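Taking this note's numbering, the leading residue of the sequence shown gets 11, the next gets one more, and so forth.
Note that the Cβ used here is the ideal one computed from N, Cα and C, for glycine as well.
Bear in mind the structure is a predicted one, so any value in this text is a computation, not a measurement.
Data block below; observations after.
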Amino acid sequence: DYAHTPDALDKALEALRPVARQRQGRLWCVFGCGGDRDPGKRPLMGTAARSADHVLVTSDNPRSEDPQAIIGQILPALAGHASLHQQADRALAIASAIMSAADADVILVAGKGHEDYQEVAGQKRPFSDLAQARAALARRRSAAQGVAA
11 DYAHTPDALD
21 KALEALRPVA
31 RQRQGRLWCV
41 FGCGGDRDPG
51 KRPLMGTAAR
61 SADHVLVTSD
71 NPRSEDPQAI
81 IGQILPALAG
91 HASLHQQADR
101 ALAIASAIMS
111 AADADVILVA
121 GKGHEDYQEV
131 AGQKRPFSDL
141 AQARAALARR
151 RSAAQGVAA
């Protein structure tokens, strides 16, 4: 999803909560905040993400900033959250959520939506949340089939 503001993230999680409840699963939120943009919004994004059962904070176009420093500005708003994780590498963060989630869980990967790049250190590199999620789901299916065999 393209939810990259506190209000949009809050609304996306609010919309997905009943889906997770109906499936008797948990709600995951994988998100980050862009670099070189509105640092005041970072803790507000953390506050919005608190409503998820599992939160994984990651990078989202860090641009010229250190992704870990951006994450560090988000984390205080999530202090005390029962299931909080961080992974600066967005591809690994998406894969981690998908590999860790139960079958009934719902995962929101927020912030980039339709974007097909990740802007890091002044360079736009090809990156798609959807492609990363599909690849992680394929690995999960493959691992499950290997266990079942």
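For residue j and residue i, the rounded distance between their alpha carbons
{"i": "Arg135", "j": "Ile80", "result": "19 angstroms"}
{"i": "Pro77", "j": "Lys51", "result": "15 angstroms"}
{"i": "Ala103", "j": "Tyr127", "result": "16 angstroms"}
{"i": "Gly45", "j": "Glu75", "result": "5 angstroms"}
{"i": "Ala111", "j": "Leu54", "result": "25 angstroms"}
{"i": "Ala13", "j": "Gly156", "result": "35 angstroms"}
{"i": "Asp20", "j": "Ala58", "result": "5 angstroms"}
{"i": "Arg60", "j": "Ala87", "result": "8 angstroms"}
{"i": "Asp48", "j": "Pro72", "result": "12 angstroms"}
{"i": "Gly123", "j": "Asp11", "result": "4 angstroms"}
{"i": "Ser152", "j": "Trp38", "result": "22 angstroms"}
{"i": "Gly90", "j": "Gly35", "result": "21 angstroms"}
{"i": "Arg33", "j": "Asp113", "result": "9 angstroms"}
{"i": "Gln133", "j": "Ala141", "result": "20 angstroms"}
{"i": "Gly56", "j": "Leu85", "result": "7 angstroms"}
{"i": "Glu125", "j": "Val40", "result": "16 angstroms"}
{"i": "Ser93", "j": "Cys43", "result": "19 angstroms"}
{"i": "Thr15", "j": "Ala131", "result": "22 angstroms"}
{"i": "His64", "j": "Ala30", "result": "12 angstroms"}
Beta-bridge partners of residue i, as assigned by DSSP
{"i": "Ala28", "result": "The identity of residue 28 in the sequence shown is Pro, whereas the question assumes Ala. Partner(s): none; Pro28 has no beta bridge."}
{"i": "Tyr127", "result": "Pro136"}
{"i": "Arg73", "result": "Val130"}
{"i": "Cys7", "result": "Residue 7 lies beyond the residue range present for the chain, which begins at 11 and ends at 159; the question has no answer from this structure."}
Span of the beta strand (DSSP E), counted from its first residue to its last, around residue i
{"i": "Gln133", "result": "Gln133 to Pro136"}
{"i": "Leu66", "result": "His64 to Val67"}
{"i": "Leu118", "result": "Val116 to Val119"}
{"i": "Leu54", "result": "Counting along the chain, Leu54 falls outside any beta strand (DSSP E), though it belongs to the alpha helix (DSSP H) covering Lys51 to Ala59."}
N- and C-terminal bounds of the alpha helix (DSSP H) containing residue i
{"i": "Gln78", "result": "Pro77 to Ile84"}
{"i": "Leu102", "result": "Arg100 to Ser110"}
Spatial neighbours of residue i in its chain, beta-carbon cut-off 6 angstroms, leaving aside the 5 residues before and after
{"i": "Arg100", "result": "Thr68 and Ser69"}
{"i": "His95", "result": "Leu66"}
Proximal residues to residue i (C-beta, below 7 angstroms), its chain only, five neighbours per side dropped
{"i": "Gln97", "result": "Leu66, Thr68, Ala103 and Ser106"}
{"i": "Arg150", "result": "Ile108 and Met109"}
{"i": "Gln83", "result": "Pro49, Arg52 and Pro53"}
{"i": "Glu129", "result": "Asn71 and Arg73"}
is_contact[residue i, chain B] using C-beta, thresh 8 angstroms
{"i": "Ala141", "result": "Among the chains of the structure shown, chain B does not appear; only one protein chain is present."}
query: When the Cβ atoms of the region 126 to 142 are set against those of the region 12 to 26, are three or more pairs found closer than 8 angstroms?
result: no
query: Are at least three pairs of beta-carbons, each pair with one atom in the region 144 to 158 and one in the region 117 to 125, less than 8 angstroms apart?
result: no
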